[in-house]
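Have a look at the structure below before the remarks.
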Amino acid sequence: MSVVKVYKRGLKGGVCSLFSLFVFCLSSFYSLNVSAESIESGSSFTARLINIEAPVNEVFRYQTTLQNNSEKAQRFELKSEIPEGWRVVFKAMGSQLTSIKLEPGKSESISVEIKPAHAAEPDRYNIPIIAVSDEESLSLELEAVVEGSFDLELTTPSGKLSGEITEGEKAEIHLKVRNTGSLPLNEISLSSKTPRNWDITFSPSEIKQLDPGKTADVIATLTVPDKTLAGDYVSTFTAKNASSSSAVTYRMTVRTSMLSGGVGILVILLAIGFVYQLVRKFGRR
-17 MSVVKVYKRG LKGGVCSLFS LFVFCLSSFY SLNVSAESIE SGSSFTARLI
33 NIEAPVNEVF RYQTTLQNNS EKAQRFELKS EIPEGWRVVF KAMGSQLTSI
83 KLEPGKSESI SVEIKPAHAA EPDRYNIPII AVSDEESLSL ELEAVVEGSF
133 DLELTTPSGK LSGEITEGEK AEIHLKVRNT GSLPLNEISL SSKTPRNWDI
183 TFSPSEIKQL DPGKTADVIA TLTVPDKTLA GDYVSTFTAK NASSSSAVTY
233 RMTVRTSMLS GGVGILVILL AIGFVYQLVR KFGRR
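Following this line, the structure appears as structure tokens:
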């Protein structure tokens, strides 16, 4: 076989190989384009932020976008899988909803509001959100990082916030300070706002530490000045620290003492007697 024939055969084989490579690349490129178009043609459910960290007593708010990339209108039903005691609300255009209809190629911003259960432990929670239509099922996984909370409550053992006292005397008011949060509370101080010249002391006046779910007893000793007019008076008691506070309004009814009442009655009787004597004396003339 001559060198020329070998060269021609090699050249012919090379051309065939190049042609085959070109066809393969073209088909691969076409398949990639078709795949990309099919991906782009599917609807989508996305969120600007999927991870939010907040205290347990806050509402976790996520801004999402639901896009209908199909060729026909679709009604998407909005669902979620949340832990027991939690609550989720979907809102669009300022209204609460459970489903939404989107025309082809249209999108809508949907606010997802998640409220953890009051007793939710500090932790990281995954919250699946689903938008389902007759044609598609779109899922979005949100993440809520629950922090501990500071919260306290000031009340009385019975819940009663009123009492009676005689002017010039003292009264003991029993209070309870309760840690209703999930983190310890330190250095809780007691204070009050009372009518003018009234005196009040707290025992203890400060609580060094109160663990979650625990209560502390406090006695407020209230002193009402002498000659205080009978009637209803309002005082405000406050328990607070650097992280939380709670206040209650306490109504105290002041009564006049027996001595003051007797003196008053005596003065009235003397006045009546004096007037009677004047009438008798000048009435004869």
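In terms of the numbering used here, the sequence shown has 236 at position 254, counting the first letter as 1, and numbering is strictly consecutive. Backbone N, C-alpha and C define an ideal beta-carbon position, used for all residues, glycine too.
message: So, for G130: in the same chain, excluding its five sequence neighbours on each side, which residues have a beta-carbon less than 8 Å away from its beta-carbon?
response: P37, V38, P104, G163, S164 and L165
Supposed contact pair V206 and V236 - C-beta distance, whole angstroms, cut 8 Å: 6 Å
- prompt: If we count Cβ pairs, one from each stretch, closer than 8 Å, do we get three or more for the segment 108 to 124 versus the segment 54 to 70?
  reply: yes
field: Alpha carbon of P177 to alpha carbon of L48, nearest angstrom
entry: 59 Å
- request: Tell me the start and end of each unbroken beta strand (DSSP E) in the segment 17 to 93 that is at least 3 residues and wholly inside, in chain order.
  value: 26 to 29, 33 to 37, 42 to 49, 56 to 62, 69 to 74, 77 to 79 and 81 to 84
- prompt: Going by other Cβ atoms of all chains shown within 10 Å of its Cβ, with 16 needed for buried, is V41 buried or exposed?
  reply: exposed
task: Can you tell me which of the three DSSP states V206 falls into?
output: coil
query: Ends of the beta strand (DSSP E) at S227?
result: S227 to R237
- prompt: Within the 9 Å Cβ cut-off, does W180 reach chain D?
  reply: You won't find chain D in this structure, because it holds only one protein chain.
message: Rounded to the nearest angstrom, what separates E35 and T46 at their Cα positions?
response: 17 Å
message: Spatial neighbours of Q56 within its chain, please: C-beta separation below 8 Å, excluding the five flanking residues on both sides.
response: S25, N50, K83, L84, S115, D116, E117 and E118
- prompt: Rounded to a whole number of angstroms, what is the C-alpha to C-alpha distance between R181 and S225?
  reply: Rather than Arg, the amino acid found at residue 181 in this sequence is Asp. Each residue's Cα considered, the two are about 28 Å apart.
message: Quick check on DSSP: helix, strand or coil for A253?
response: helix
field: Pick from K175, M234 and T80 that is closest to K142, judged by C-alpha positions
entry: M234
For P110, three-class secondary structure by DSSP: strand
message: Which same chain residues end up closer than 6 Å to S17 when comparing Cβ atoms and leaving out the 5 residues on each side of it in sequence?
response: Confidence at S17 is low in this model, with a pLDDT of 29, below 50, so its placement is unreliable and no value can be given for it.
- prompt: Does DSSP put K222 in a helix, a strand or coil?
  reply: strand
task: Hey, could you find the ends of the beta strand (DSSP E) N161 is sitting in?
output: K152 to N161
message: At the level of alpha carbons, what is the spacing between A102 and V94?
response: 19 Å
query: Between G213, V230 and D214, which lies nearest to A221 when the distance is taken from Cα to Cα?
result: V230
query: Rounded C-beta distance between V159 and I170? I'm assuming under 8 Å.
result: 6 Å
query: Given that a residue counts as buried once 16 or more other Cβ atoms are within 10 Å of its Cβ, and exposed if not, what is F6?
result: Any answer about F6 is weak, because its pLDDT of 48 lies below 50 and its placement is not dependable; what the coordinates show is given next. Exposed is the call here.
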